[in-house]
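Number of protein chains: 2
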Amino acid sequence: MVDKEIKAIQDEYPEDFALCYGCGRLNKDGHKFRTGWLGEQTVTVYTPRPEHTAIPGFVYGGLIASLVDCHGTGSASLAMHRKNGYEPGDGVAPPRFVTASVHVDFYKPTPQHVALQAIGTIEEVHPKRWKIVTEVVANDTVYAKGEVVAVTMPDTFLT
Amino acid sequence: MVDKEIKAIQDEYPEDFALCYGCGRLNKDGHKFRTGWLGEQTVTVYTPRPEHTAIPGFVYGGLIASLVDCHGTGSASLAMHRKNGYEPGDGVAPPRFVTASVHVDFYKPTPQHVALQAIGTIEEVHPKRWKIVTEVVANDTVYAKGEVVAVTMPDTFLT
């Protein structure tokens with residue numbers, strides 16, 4: 023699985039919601055994480071930039087947390103969109119989520135200069151509240167495990 | 023408290039450990055988080071860059087998680103250094119920590135274009151394992167609460 027093969031939920035967000043530094047396709051400085059289905063799981067593929075260093079050769083933890091976070095909200099959006107009968111590419115604006123909490127356990131230092139895969143397993147906790155458990159994988163090794171609780175963006179978010 | 027007033031633990035790290043995208047003083051592209059004492063608590067002050075957007079006007083969660091993460095390891099280093107009898111500026115290399123886990127609860131959207139203060143409370147769990155509870159504050163309002171478990175960097179970290 024490479025990034026360009028993913029039919030990403032972020033490609034469907036309205037322009038006002040496409041500016042996230044993590045996953046906004048219109049944020050020119052950001053990571054542009056793209057999240058799609060991988061069977062019943064979800065996937066985001068990203069190769070950290072050379073400057074995303076912890077110590078030379080390893081990825082800094084904030085990048086992993088950011089990947090887990092945006093992968094989580096994107097996965098929740100994919101799941102609720104599918105529950106509503108839609109897939110990315112159907113031309114229907116998907117529901118947007120915000121992060122209530124993010125947790126990451128770092129198992130070992132994550133190597134740089136390789137593609138990371140965030141692989142998510144989704145559980146509906148409540149119609150407006152979803153939990154996504156994510157493994158961060160490189161070269162078939164799990165380097166970190168994350169959990170996001172995502173909630174549908176409240177109507178009052180911008181007021 | 024403004025950033026330049028902080029006597030930061032990161033200023034004391036050897037050059038090989040000063041390249042972190044979050045808190046390395048020698049990473050020219052990174053955040054350069056700087057963490058110092060604030061009485062018995064710790065503080066990191068940072069104003070996110072304009073591109074660190076979630077949606078316009080609000081900071082993306084990955085930046086908050088990165089701030090909580092590096093503030094946590096820096097706080098653990100400060101605490102163990104003080105326990106050993108030293109303060110930043112004493113000219114003694116401090117202990118370095120890595121993150122075992124990071125957790126963030128987002129209470130409400132964090133506003134952009136203002137300085138954020140990460141305020142940490144430190145608990146020694148074990149001589150090599152510390153827990154840091156951090157509030158992320160802007161304009162006297164707590165927008166997020168984080169927890170980091172930090173462990174002393176193992177000798178095998180680079181092997």
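Residue numbers (our numbering), protein chains in the order written: chain A, 23 to 181; chain B, 23 to 181.
Just so it is clear, CB atoms sit at the ideal spot from N, CA and C, and this is done for glycine as well.
**Prompt:** Could you check where the alpha helix (DSSP H) with THR132 of chain A kicks off and where it finishes?
**Reply:** On the first sequence, position 110 is the one that residue 132 of chain A refers to. The continuous stretches of alpha helix (DSSP H) do not include THR132 of chain A, and DSSP gives it neither H nor E.
**Request:** Check whether the Cβ atoms of ALA140 of chain B and GLU157 of chain B sit closer than 9 angstroms, and answer yes or no.
**Result:** Counted from its first residue, the second sequence places residue 140 of chain B at position 118. Counted from its first residue, the second sequence places residue 157 of chain B at position 135. Taking the C-beta atoms as reference points, GLU157 of chain B is found nearer than 9 angstroms to ALA140 of chain B.
**Asked** Taking just the CA atoms, how far does PHE119 of chain A sit from PRO176 of chain A?
**Response** As a first step, residue 176 of chain A is located in the first sequence; it is residue number 154 there, counting from the start. As a first step, residue 119 of chain A is located in the first sequence; it is residue number 97 there, counting from the start. In this model, PRO176 of chain A and PHE119 of chain A are separated by some 9 angstroms (Cα to Cα).
**Asked** Quick one: what does DSSP say LYS192 of chain A is sitting in, helix, strand or coil?
**Response** The question about residue 192 of chain A has no answer, for chain A in this structure spans 23 to 181.
**Message:** Strictly below 8 angstroms CB to CB, what residues from chain B border ALA122 of chain A?
**Reply:** Position 100 of the first sequence, counted from the first residue, corresponds to residue 122 of chain A. Residues of chain B whose Cβ lies closer than 8 angstroms to the Cβ of ALA122 of chain A are, in chain order, ASP127, PHE128.
**Item:** Run of the beta strand (DSSP E) containing ILE154 of chain B, from where it starts to where it stops
**Value:** Position 132 of the second sequence, counted from the start, is the residue given in the question as residue 154 of chain B. It spans 151-160 - the beta strand (DSSP E) in which ILE154 of chain B sits, taken as one unbroken run.
**Asked** For PRO78 of chain B, which residues in chain A fall below 8 angstroms Cβ to Cβ?
**Response** For the purposes of this step, residue 78 of chain B is identified with residue 56 of the second sequence, where counting begins at 1. Annotation: Cβ neighbours of PRO78 of chain B in chain A (cutoff 8 angstroms, chain order): ASP38, LEU41.
**Prompt:** Distance, Cα to Cα, THR75 of chain A vs TYR82 of chain A?
**Reply:** Along the first sequence, read from residue 1 onward, the residue named residue 75 of chain A stands at position 53. Along the first sequence, read from residue 1 onward, the residue named residue 82 of chain A stands at position 60. Taken atom to atom, the span from the alpha-carbon of THR75 of chain A to that of TYR82 of chain A is near 5 angstroms.
**Asked** Short check: CB of LYS153 of chain A to CB of GLU169 of chain A, under 9 angstroms?
**Response** The residue labelled residue 153 of chain A in the question sits at position 131 within the first sequence. The residue labelled residue 169 of chain A in the question sits at position 147 within the first sequence. Yes.
**Members of the region 59-75 of chain B that neighbour chain A once the beta carbon cut-off is set at 7 angstroms** = Taking 7 angstroms as the Cβ-Cβ cut-off, the region 59-75 of chain B approaches chain A at GLU73, HIS74, THR75, given in chain order.
**Item:** From B:ASN49, B:LEU100, B:GLU27, residue whose alpha carbon lies closest to that of VAL173 of chain B
**Value:** Position 151 of the second sequence, counting from 1, holds the residue named residue 173 of chain B. The alpha carbon of VAL173 of chain B has as its nearest neighbour, out of B:ASN49, B:LEU100, B:GLU27, the alpha carbon of B:LEU100.
**Request:** Tell whether a beta-carbon distance below 9 angstroms holds between GLY142 of chain A and SER88 of chain A.
**Result:** For this step, residue 142 of chain A is matched to residue 120 along the first sequence. For this step, residue 88 of chain A is matched to residue 66 along the first sequence. Contact flag unset, no.
**Request:** Quickly, what does DSSP pair HIS125 of chain B with across the bridge? List them, please.
**Result:** Taking the second sequence and counting its residues from 1, one reaches residue 125 of chain B at position 103. Beta-bridge pairing links HIS125 of chain B to A:HIS125, B:GLU169.
**Message:** Nearest by alpha-carbon distance to GLY94 of chain A: which of A:PHE128, A:ARG71, A:ILE77, A:PHE55 is it?
**Reply:** Residue numbering aside, residue 94 of chain A sits at position 72 when the first sequence is read from its first letter. The residue from A:PHE128, A:ARG71, A:ILE77, A:PHE55 with its alpha-carbon nearest to that of GLY94 of chain A is A:PHE55.
**Request:** Using a Cβ cut-off of 8 angstroms, pull out every chain A residue sitting near LEU138 of chain B, in sequence order please.
**Result:** The residue labelled residue 138 of chain B in the question sits at position 116 within the second sequence. From the beta-carbon of LEU138 of chain B, no residue of chain A is found nearer than 8 angstroms; the closest lies around 14 angstroms away.
**Request:** Closer than 7 angstroms by beta-carbon distance: list the chain B residues that pair up with ALA87 of chain A, in chain order.
**Result:** Locating residue 87 of chain A in the first sequence gives position 65, counting from the first residue. When 7 angstroms is used as the limit between beta carbons, ALA87 of chain A is near these residues of chain B: GLY84, ALA87, SER88, ASP91, VAL124, in chain order.
**Nearest residue (CA-CA) to HIS53 of chain B, options B:LEU60, B:GLY61, B:GLU37, B:PRO70** = Taking the second sequence and counting its residues from 1, one reaches residue 53 of chain B at position 31. The shortest C-alpha separation from HIS53 of chain B is found at B:PRO70.
**Request:** Output yes if chain A places a C-beta closer than 9 angstroms to the C-beta of ASP198 of chain B; else output no.
**Result:** There is no way to answer for residue 198 of chain B, as the model of chain B reaches only from 23 to 181.
**Item:** GLU62 of chain B and VAL114 of chain B closer than 9 angstroms at C-beta
**Value:** Taking the first residue of the second sequence as position 1, residue 62 of chain B is located at position 40. Taking the first residue of the second sequence as position 1, residue 114 of chain B is located at position 92. Not in contact: GLU62 of chain B and VAL114 of chain B (Cβ atoms no closer than 9 angstroms).
**Asked** Buried or exposed: which applies to THR64 of chain A, given that a residue is buried once 16 or more other Cβ atoms fall within 10 Å of its Cβ?
**Response** The count along the first sequence starts at 1 and reaches residue 64 of chain A at position 42. With a threshold of 16 other beta carbon atoms within 10 Å, THR64 of chain A meets it and is buried.
**Request:** Assign PHE39 of chain B to one of three DSSP states: helix, strand, or coil.
**Result:** The count along the second sequence starts at 1 and reaches residue 39 of chain B at position 17. Assigned with DSSP and collapsed to three states, PHE39 of chain B falls in helix.
**Message:** I'd like to know whether the C-beta of LYS50 of chain B is nearer than 9 angstroms to at least one C-beta of chain A.
**Reply:** If you number the second sequence from 1, residue 50 of chain B lands on position 28. Interface residue, yes.
**DSSP state of ALA115 of chain B mapped onto helix, strand, coil** = If you number the second sequence from 1, residue 115 of chain B lands on position 93. Coil.
**Message:** On the criterion of 16 or more Cβ atoms from any shown chain inside 10 Å, does THR163 of chain B qualify as buried, or is it exposed?
**Reply:** Residue numbering aside, residue 163 of chain B sits at position 141 when the second sequence is read from its first letter. With fewer than 16 other Cβ atoms from the protein chains shown falling within 10 Å of its own Cβ, THR163 of chain B counts as exposed.
**Prompt:** How about VAL126 of chain A and VAL90 of chain A: are their beta carbons less than 9 angstroms apart?
**Reply:** Sequence index remark: in the first sequence, residue 126 of chain A carries index 104 (1-based). Sequence index remark: in the first sequence, residue 90 of chain A carries index 68 (1-based). Closer than 9 angstroms, so yes.
**Length of the line joining the Cα atoms of PRO117 of chain B and THR66 of chain A** = Taking the second sequence and counting its residues from 1, one reaches residue 117 of chain B at position 95. Taking the first sequence and counting its residues from 1, one reaches residue 66 of chain A at position 44. C-alpha separation (whole angstroms): 35 angstroms.
**Request:** Examine chain A for any beta-carbon lying closer than 9 angstroms to the beta-carbon of GLY46 of chain B, and answer yes or no.
**Result:** Indexing the second sequence from 1 puts residue 46 of chain B at position 24. At least one CB atom of chain A sits nearer than 9 angstroms to the CB of GLY46 of chain B.
**Asked** Which residues bound the beta strand (DSSP E) around GLY94 of chain A?
**Response** Here residue 94 of chain A corresponds to residue number 72 of the first sequence, with the count starting at 1. Counting along the chain, GLY94 of chain A falls outside any beta strand (DSSP E), though it belongs to the alpha helix (DSSP H) covering 83-105.
**Message:** Give me the residue from B:LEU85, B:VAL171, B:MET102 with the minimum Cα distance to CYS45 of chain B.
**Reply:** The residue labelled residue 45 of chain B in the question sits at position 23 within the second sequence. Considering only alpha carbons, the answer is B:LEU85.
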